[in-house]
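Report on the following structure.
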Amino acid sequence: MLVSACAPHCERCITEGPGKCDSGQCFSEYFIVQSDQTCARCADHCYNCNVTGGRKCDVGQCHAEYAIDASTQTCLPCTSNCYLCVERGPGNCDDGRCFPRYGIDNNTYTCQQCDVHCYDCANNGAGQCDRGLCYARYAFNSTSRTCDECAPRCYNCNHAGPSKCDIGRCFERYGLDEGSLTCRSCDSHCKNCTNAGPGKCDNGQCIAGYGISDKHTCAECDVHCNLCVINGAGRCDEDHCLERYAYNSNIHNCLAFPDHCLRCHVTGGRPVCDRCDALYGFTIDGKCGRCDDNCNSCIVNGASKCDPGKCNYPGVYHANTSTCGGCAAHCSSCDYNGPGKCDEGNCLDGYVYDNSSHVCVGEGLTYIHQTELHM
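Taken in order, the sequence shown gives residues 1 to 375; the numbers are from full-length UniProt numbering.
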């Protein structure tokens with residue numbers, strides 16, 4: 001069985017039949033035309049016109065930003081920047097119904113802009129501001145109900161009021177003067193003085209190369225370091241000494257490395273070298289001294305000595321003295337007796353070993369005579 005549709009814009013037509021609409025069953029924004037039981041549109045911007053019918057609108061049924069015009073029973077717009085004018089009618093605005101940053105002008109009932117530094121003025125009206133709704137760096141003036149600027153270099157003055165500043169709200173490098181409630185400069189080498197106040201500095205807030213003094217001002221660190229945030233002015237923080245300076249934990253300063261020292265620590269208030277330059281070795285007092293001239297390393301045996309296997313050619317190492325040197329004349333080896341001597345059995349042809357002096361002498365010559373020959 002074929003079922004015919006109801007009239008357009010109709011929910012139900014059980015009683016009236018196909019092509020028509022039952023009373024009260026037209027869609028929203030439509031009304032029933034009694035003469036032919038069809039649905040016709042209400043006035044523009046209207047939700048319902050069941051009472052008034054025709055191209056009109058029922059009271060209170062206009063869309064947002066529109067209101068009923070009593071003479072025409074149609075929906076006309078509210079004033080601009082208004083979202084409700086049910087009470088005052090088209091071209092006006094109801095109290096507190098203006099868009100954000102607009103307020104009612106009590107003379108014209110239109111929506112006008114709030115104070116230019118204000119978020120909303122729904123309560124106090126156009127050209128003014130509601131308490132607590134001024135922009136940052138502005139405060140509510142209770143007399144004029146407008147927003148007045150805070151003190152210079154201030155983020156917020158809601159509590160202190162215009163031309164002043166709230167505690168802790170001054171810009172970086174400025175602190176609050178408790179007498180005038182204005183912002184004044186910190187110490188010239190300070191990043192923040194919120195707690196200490198103008199002309200001073202908070203702990204840990206001095207710039208690099210400066211530390212806090214007993215007077216809460218910033219003074220230079222020890223000249224041989226670049227940071228003294230922890231230990232304060234005239235001192236140094238650990239691990240912040242300049243190159244070739246070592247940290248002294250006793251009095252928090254930096255001590256110079258000994259000459260020819262590459263790495264150093266401080267013991268008992270004096271610098272002790274841990275690593276010397278090439279061709280230098282440790283002295284008994286923790287400094288660096290030159291190796292023996294006949295070798296290229298004395299890391300193990302220390303200054304003025306030589307390490308095994310580090311002699312300059314053709315020198316040989318002498319374990320008893322930890323030094324390097326050439327053998328005696330006419331000698332091919334002195335590993336045992338050391339530099340300036342000769343080992344037995346190592347004299348060159350034509351020379352013999354002298355047991356008392358450990359050198360080589362000519363055959364048939366005394367050691368004294370041999371010495372004289374070389375003078």
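For every residue, glycine included, the Cβ atom is placed at its ideal position computed from N, Cα and C.
First through last residue of the beta strand (DSSP E) which encompasses residue i
i                : result
alanine 40       : 38-41
asparagine 141   : 138-141
alanine 246      : 245-248
aspartate 69     : 66-69
phenylalanine 31 : 30-33
alanine 319      : Here alanine 319 belongs to no beta strand (DSSP E), and DSSP marks it neither H nor E.
cysteine 288     : 288-290
glutamate 220    : 218-220
valine 361       : 359-362
C-alpha gap between residue i and residue j, whole angstroms
i                : j                 : result
cysteine 311     : asparagine 337    : 16 Å
residue 453      : valine 59         : Since the first residue of the chain shown is 1 and the last is 375, residue 453 is not available in this structure.
cysteine 111     : histidine 45      : 21 Å
histidine 374    : cysteine 324      : Confidence at histidine 374 is low in this model, with a pLDDT of 41, below 50, so the placement of that residue should be treated as unreliable; the coordinate-derived value is given next. Those two C-alpha atoms are separated by around 22 Å.
lysine 200       : cysteine 228      : 17 Å
serine 213       : alanine 219       : 6 Å
isoleucine 368   : alanine 246       : Low confidence applies to isoleucine 368: its pLDDT is 46, below 50, so where it sits in the model is not reliable enough to give any reading.
glutamate 16     : glutamine 37      : 7 Å
glutamine 73     : cysteine 82       : 20 Å
serine 80        : cysteine 147      : 24 Å
aspartate 177    : arginine 97       : 42 Å
threonine 283    : glycine 302       : 6 Å
serine 304       : glutamate 238     : 34 Å
aspartate 130    : tyrosine 138      : 13 Å
cysteine 221     : phenylalanine 257 : 19 Å
cysteine 327     : glutamate 243     : 44 Å
cysteine 154     : glutamine 128     : 22 Å
cysteine 334     : aspartate 285     : 33 Å
glutamine 61     : alanine 122       : 25 Å
cysteine 170     : serine 144        : 25 Å
tyrosine 280     : valine 272        : 14 Å
threonine 217    : leucine 84        : 60 Å
glycine 289      : isoleucine 299    : 11 Å
valine 51        : histidine 159     : 55 Å
alanine 70       : glycine 89        : 9 Å
serine 167       : aspartate 95      : The sequence shown places isoleucine at residue 167, rather than the serine named in the question. C-alpha separation (whole angstroms): 37 Å.
leucine 133      : glutamine 113     : 14 Å
serine 249       : glycine 268       : 10 Å
cysteine 118     : phenylalanine 140 : 9 Å
asparagine 92    : asparagine 107    : 11 Å
glycine 292      : arginine 270      : With the sequence shown as reference, residue 292 is identified as aspartate, and glycine is not the correct amino acid for it. For aspartate 292 and arginine 270, the distance between alpha carbons rounds to 26 Å.
phenylalanine 27 : glutamate 11      : 6 Å
For residue j and residue i, believed in contact at Cβ under 8 Å, the rounded distance
i              : j            : result
asparagine 346 : cysteine 331 : 6 Å
cysteine 75    : alanine 40   : Actually they do not touch by this definition, with Cβ atoms about 16 Å apart.
alanine 67     : cysteine 78  : 6 Å
cysteine 165   : leucine 181  : 6 Å
residue 389    : proline 339  : The requested residue 389 does not occur in the structure, where the chain is confined to residues 1 to 375.
proline 198    : glycine 175  : 4 Å
Where residue i sits in the DSSP three-state scheme
i                : result
leucine 2        : Any answer about leucine 2 is weak, because its pLDDT of 47 lies below 50 and its placement is not dependable; what the coordinates show is given next. Coil.
arginine 270     : strand
cysteine 57      : coil
phenylalanine 99 : coil
methionine 375   : Residue placement at methionine 375 cannot be trusted, given a pLDDT of 39 that sits under 50; what the coordinates show is reported in the next sentence. Methionine 375: coil per DSSP, three-state reduction.
proline 77       : strand
valine 116       : coil
asparagine 301   : coil
arginine 275     : strand
isoleucine 104   : strand
tyrosine 280     : strand
leucine 255      : strand
alanine 126      : coil
histidine 265    : strand
glycine 325      : strand
cysteine 46      : strand
Proximity test, Cβ basis, 8 Å: residue i and chain D
i             : result
asparagine 92 : The question asks about chain D, but that chain is absent: this structure has only one protein chain.
Residue i CB to nearest heavy atom of the ligand GDP below 7 Å
i            : result
cysteine 218 : Inclusion of the ligand GDP in the displayed structure is not the case, the ligand content being empty and no account of it being possible.
message = Extract the residue ranges of the beta strand (DSSP E) inside the stretch 329-357, only unbroken runs of 3 or more that lie entirely within it.
response = Annotation note: the stretch 329-357 contains the following uninterrupted beta strand (DSSP E) runs of length 3 or greater, listed N- to C-terminal: 351-354.
*asked:* Could you tell me which whole beta strand (DSSP E) segments of length 3 or greater appear in the stretch 143-216?
replied: Runs of the beta strand (DSSP E) inside the stretch 143-216: 146-149, 174-177, 182-185, 210-212.
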